[in-house]
Structure formats: structure tokens, C-alpha cells
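Down below is the structure, laid out as C-alpha cells.
Residue numbers (this note's numbering): 888 to 1063.
Set out below in C-alpha cells:
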């Protein structure tokens, strides 16, 4: 068999494998749409998922003794709250096999904001600022902001209250 034919066969096999992975992902998303979940994800909104499902699929990212408390999905991406931090999992590429995992320590959250409704889209945007510099008690602390979107009908008030309480306690602790 000529080198050209071998390369062609390898390329065909890679394309078939990628198509299979995409088909599997589309079937999972289709099942989620039937259950009412992924359509909001397609629109850019997080939907809630069970802590048990997160434990099964993402338990390997937990630290010893850490547990999931509330978990959300945005099509393939995940936002997982634990008793210590928020874990963001960003599946990348066509197959989603590559993933970026980012953690935000709950003790670093210092400000929370909520915006609801407007312009015919009855959804909520929850924003929070968190400290990104490694030393929390220094002058010139560096922060970043993360904004999350939730669909119409999602009760974001509980999450807002939780993050607000964390931010309040963190600011008090840091300024004591």
C-alpha cells in the first residue's frame, strides 16, 4: 500500500472518529432538550444539574473531603459549586475531549450583583468579583469579575443570597 493511500485511510478514520464523537454529543444534547435543559444552554443560560451526575462525571476534580453542593450546565460546559470553591469546566474543540478547568476559591469572592428581566428576555445575570492575587491582605489587590446567565423561570435568588453572604463575610474577614 502506498504512503498516500495509508495517509488517506488514517485521515478517513480520524474524520469518522470525530463524527462519532460529535454525534454522541448531539444525542446527549437532544436528550437534554427533551427534558427541558439544553435549550436554555443553547441560548447561553445555565441550567441546574444534579450533584450526583456531577460526582459521577467530574468527581476527579474534587479535593479530598470536598463535595458538590449545586451544579449547573451550559450545553457542554459546567459550573460546579462545592463546599470550598466554584469549578468551571470549559469543554473545547469539536469533540469536547479537551477541557479547561478553572477554580475560584469561595473565600476570594468579595462582591456580588444581580440583574433580572428587561428587553423581553426574562432571565437573570448574576455577577461576582473575586480576588485573583495570591495574597488577600495586601494593598493593590487584583480582582476579576465573572458573569453568569440563567434562564427565565430559574430561581437565582438562592444562589445570589449564598454568594452575597460569602462576599459579606469575606470582606469582613479580610478587613478585620
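Ideal Cβ positions, reconstructed from N, Cα and C, are used throughout, including at glycine.
Annotation for residue 1017: the continuous beta strand (DSSP E) segment containing it runs 1011-1018. If you draw a straight line from the Cα of residue 963 to the Cα of residue 941, it comes to about 13 Å. Judged by DSSP secondary structure, residue 964 falls within the beta strand (DSSP E) whose first and last residues are 964-969. In this structure the stretch 978-986 does not lie against the stretch 1008-1023, because fewer than three pairs of beta carbons, one per stretch, are closer than 8 Å.
Counting C-beta atoms within 10 angstroms of its own C-beta, residue 1048 has fewer than 16 neighbours from the protein chains shown and is therefore classed as exposed.
Using a Cβ distance threshold of 8 Å, residue 1058 and residue 1001 do not count as a contacting pair.
In this structure, residue 956 sits near residue 970, with a CB-CB distance shorter than 8 Å. The DSSP-derived three-state label of residue 1039 is coil. Of the residues 1037, 1020, 972, the one whose Cα lies closest to the Cα of residue 935 is 1037.
Residue pairing by DSSP places residue 934 opposite 960 in a beta bridge. For residue 1063, there is no enclosing alpha helix (DSSP H), as DSSP marks it with neither H nor E. The alpha carbon of residue 939 has as its nearest neighbour, out of 961, 968, 987, the alpha carbon of 968.
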